[in-house]
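The sequence shown begins at 1333 in our numbering and counts up by one.
Yeah, the Cβ is synthetic: ideal placement off N, Cα and C, and Gly gets one too.
Treat the numbers as computed from the prediction; the structure is a model and nothing was measured.
Since the structure comes first, as C-alpha cells, the remarks are kept for the end.
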Amino acid sequence: MSEAPHAYDVYQARRQRLRERCAAAGDAAAVVSRPANIRYLTGTAPERAALLLTTHDPGADVLLCAVRPGARPEEGRADEALRLELL
C-alpha cells in the first residue's frame, strides 16, 4: 500500500502547475489575492492575504499577510515551504 502524499507536497505541486502555466504565458510572476485560491495553493487563507508566486524560483514564493497564519483555527496551516511576510 502506498503512502498518501503529505499535504504540503500537494500545495507545492499546485503552485508548480500555476508557475508552469504563468511561464508558458510569458509571465514572470502571479499575484493571488482571492482567499479560496490562496487556501488551494498554500493550505491557509488568513484575512487580507496575498500570495506572490514567481515563475523562476519556487523558493521565492511569498505569502503576504496582516496576521500570522494559524492565528485562527479556521484559517488552516500554511505550507512550511512558503516564505511568510507580515505586513
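When secondary structure is reduced to three states using DSSP, residue 1346 falls in the helix class.
In this structure, residue 1366 sits away from residue 1408, with a CB-CB distance that is not shorter than 8 Å. Counting the other Cβ atoms within 10 Å of the Cβ of residue 1360 gives fewer than 16, which makes it exposed.
Between residue 1354 and residue 1345 a beta carbon distance of about 15 Å is seen, past the 8 Å cut, so the two are scored as non-contacting. Residue range 1367-1374 is occupied by the alpha helix (DSSP H) that includes residue 1373.
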